[in-house]
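Novice: At position 76 of the sequence shown the residue is numbered 75 (numbering that gives the first Met the number 0), and the sequence of numbers has no breaks.
Think of the CB as a built atom: it goes at the ideal place given N, C-alpha and C, for glycine as much as any other residue.
To start, I am sharing the structure in question, which I have written as structure tokens.
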Amino acid sequence: MSGAEFDRHAEAYDGGLDNPVKRMMGDSADQFIGVKARWLLRREAALRDGTLSLLDYGCGAGDLMRVLADLGARARFTGCDVSEGMLAEVAKRWPSRHGAAPALAAQQGARTPFADGQFDIATISAVLHHVPVAERPAVYSELARVLKPGGRLYVFEHNPRNPLVRYVIARTPIDENAILLDAREVRSGLRQSASYVLDTDYLMFMPPGIAFLRGVDRALAWLPLGAQYVVAGRKSG
0 MSGAEFDRHA EAYDGGLDNP VKRMMGDSAD QFIGVKARWL LRREAALRDG
50 TLSLLDYGCG AGDLMRVLAD LGARARFTGC DVSEGMLAEV AKRWPSRHGA
100 APALAAQQGA RTPFADGQFD IATISAVLHH VPVAERPAVY SELARVLKPG
150 GRLYVFEHNP RNPLVRYVIA RTPIDENAIL LDAREVRSGL RQSASYVLDT
200 DYLMFMPPGI AFLRGVDRAL AWLPLGAQYV VAGRKSG
């Protein structure tokens, strides 16, 4: 895992909206991120009370943490990434109304500088498809290491079963080296790294900018054709 590939995209990073098909589905990257952030807040209501520590692994420019804060989350946010350029963008983009920017740390490949069992929650959003297949077990192991016993992990990824996703990824510059993975691979990798109780939801069946269709997304969460999926795991112990 090398940061150089992402450093060159950092300043202009817009969540893949340089792809015209994706722009047809939503007006801003925040609309797409908001689908994941709202799902997470429904699952983890305590994120609003400021008591939980959350690590966003491979945080990029910090957009998931920022959108969570926009929606009312008050967690103790920490982000890490292999790209120094992306980490530099986090503070630039963090709104002053949310107080201090998240704590940040650079990754060395899959490895982070955090203590064992440091975090209540870890998220990894649209990261694994950038990680070479042979290096993914190290990522799963690192996520398990930094989670507390009973901590929760949320893996958000593009769904390769959705043909529109495959079309968009193949034509998005930051995804030029992407290797998509389905939810079964994620679940298998997590089980090999630690003992988890796992479940999976599928997201983003409808254009994310149309608020009144959000209920349709919730109703279809069982159907493995959404543009995104989330594998949720509670670490045993």
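(1) Counting beta carbon pairs with one atom in the segment 52 to 62 and one in the segment 119 to 133, are three or more of them shorter than 8 angstroms?
(2) Is it buried or exposed for residue 36, if we count other Cβ within 10 angstroms and need 16 for buried?
(3) Out of 150, 117 and 138, state which residue places its alpha-carbon closest to the alpha-carbon of residue 81.
(4) Just verifying my parser: in three-state terms, what is the DSSP assignment at residue 219?
(5) Run through the DSSP bridge pairs and tell me what residue 52 is partnered with.
(6) If you draw a straight line from the C-alpha of residue 23 to the C-alpha of residue 117, how long is it?
(7) Which runs of the alpha helix (DSSP H) spanning at least 4 residues fall entirely within the segment 128 to 194, listed in chain order?
(8) According to DSSP, simplified to helix, strand and coil, what is residue 209?
(9) Which of helix, strand or coil does DSSP assign to residue 81?
(10) Of the residues 217, 214, 30 and 152, which one's Cα is nearest the Cα of residue 188?
(11) Is it a yes or a no for the segment 189 to 198 touching the segment 126 to 134, going by three-plus beta-carbon pairs under 8 angstroms?
(12) Which one of 158, 154, 112 and 169 has the shortest CA to CA distance from residue 144?
(13) Taking the alpha helix (DSSP H) that residue 33 falls in, what are its first and last residues?
(14) Quick one: measure Cβ to Cβ for residue 161 and residue 84, integer angstroms, because I've assumed they're closer than 8 angstroms.
(15) If you draw a straight line from the C-alpha of residue 202 to the C-alpha of residue 40, how long is it?
(16) Quick one: what's got a C-beta closer than 8 angstroms to residue 136's C-beta in the same chain, skipping five residues either side?
(17) Taking buried to mean at least 16 other C-beta atoms within 10 Å of its own C-beta, is residue 167 buried or exposed?
(18) For residue 186, verify whether its CB is less than 6 angstroms away from any heavy atom of the ligand ADP.
(19) For residue 98 and residue 165, what's the separation of their Cα atoms in angstroms?
(20) Using only the alpha-carbon positions, how far apart do residue 142 and residue 155 sit?
(21) When burial is assigned at 16 or more other CB atoms within 10 Å of the CB, is residue 169 buried or exposed?
(22) Assuming the contact rule is C-beta atoms closer than 8 angstroms, residue 148 and residue 232 should be a hit. Round their C-beta distance to whole Å, please.
(23) Could you check the C-alpha separation between residue 78 and residue 100 for me, to the nearest Å?
Specialist: The structure says:
(1) yes
(2) Residue mapping note: residue 36 aligns to position 37 of the sequence shown, counting from 1. When all chains shown are included, residue 36 counts as buried.
(3) On the sequence shown, position 82 is the one that residue 81 refers to. Closest by alpha carbon: 138.
(4) Here residue 219 refers to the residue found at position 220 of the sequence shown. Note: residue 219 maps to coil in three-state DSSP.
(5) Here residue 52 refers to the residue found at position 53 of the sequence shown. Under DSSP, residue 52 takes part in a beta bridge, and its partners are 75.
(6) Within the sequence shown, the letter at position 24 stands for residue 23. Within the sequence shown, the letter at position 118 stands for residue 117. Unreliable placement is indicated for residue 23, whose pLDDT of 48 sits below 50; the coordinate value is still reported in the next sentence. Taking the straight line from one Cα to the other gives about 40 angstroms.
(7) Those alpha helix (DSSP H) runs which fall completely within the segment 128 to 194 and span 4+ residues are 135 to 145, 162 to 168 and 182 to 192.
(8) By 1-based counting over the sequence shown, the position of residue 209 is 210. In the three-state DSSP reduction, residue 209 falls in the coil class, being neither helix nor strand.
(9) The residue you call residue 81 lines up with position 82 of the sequence shown. Three-state result, residue 81: coil.
(10) As a position in the sequence shown, residue 188 is number 189, starting the count at 1. Minimum Cα distance to residue 188 is reached at 152.
(11) no
(12) By 1-based counting over the sequence shown, the position of residue 144 is 145. Answer by Cα proximity: 112.
(13) Against the sequence shown, residue 33 aligns to sequence position 34. Note, residue 33: alpha helix (DSSP H), 28 to 42.
(14) Residue numbering aside, residue 161 sits at position 162 when the sequence shown is read from its first letter. Residue numbering aside, residue 84 sits at position 85 when the sequence shown is read from its first letter. Actually they do not touch by this definition, with Cβ atoms about 30 angstroms apart.
(15) By one-based count along the sequence shown, residue 202 stands at place 203. By one-based count along the sequence shown, residue 40 stands at place 41. The straight-line gap from Cα to Cα measures roughly 14 angstroms.
(16) As a position in the sequence shown, residue 136 is number 137, starting the count at 1. Once the five neighbours on either side are set aside, the close Cβ partners of residue 136 are 188, 191 and 192.
(17) As a working mapping, residue 167 is identified with position 168 in the sequence shown. When all chains shown are included, residue 167 counts as buried.
(18) Within the structure as shown, the ligand ADP is missing, as the structure has no ligands at all.
(19) Within the sequence shown, residue 98 is the residue found at index 99, counting from 1. Within the sequence shown, residue 165 is the residue found at index 166, counting from 1. Rounded to whole angstroms, residue 98 to residue 165 spans 38 angstroms at the Cα level.
(20) Here residue 142 corresponds to residue number 143 of the sequence shown, with the count starting at 1. Here residue 155 corresponds to residue number 156 of the sequence shown, with the count starting at 1. One C-alpha to the other measures close to 14 angstroms.
(21) Translated into positions along the sequence shown, residue 169 becomes position 170. Residue 169 should be labelled exposed.
(22) By one-based count along the sequence shown, residue 148 stands at place 149. By one-based count along the sequence shown, residue 232 stands at place 233. No, residue 148 and residue 232 are not in contact; Cβ-Cβ is about 13 angstroms, not under 8 angstroms.
(23) Along the sequence shown, one-based indexing puts residue 78 at 79. Along the sequence shown, one-based indexing puts residue 100 at 101. Those two C-alpha atoms are separated by around 10 angstroms.
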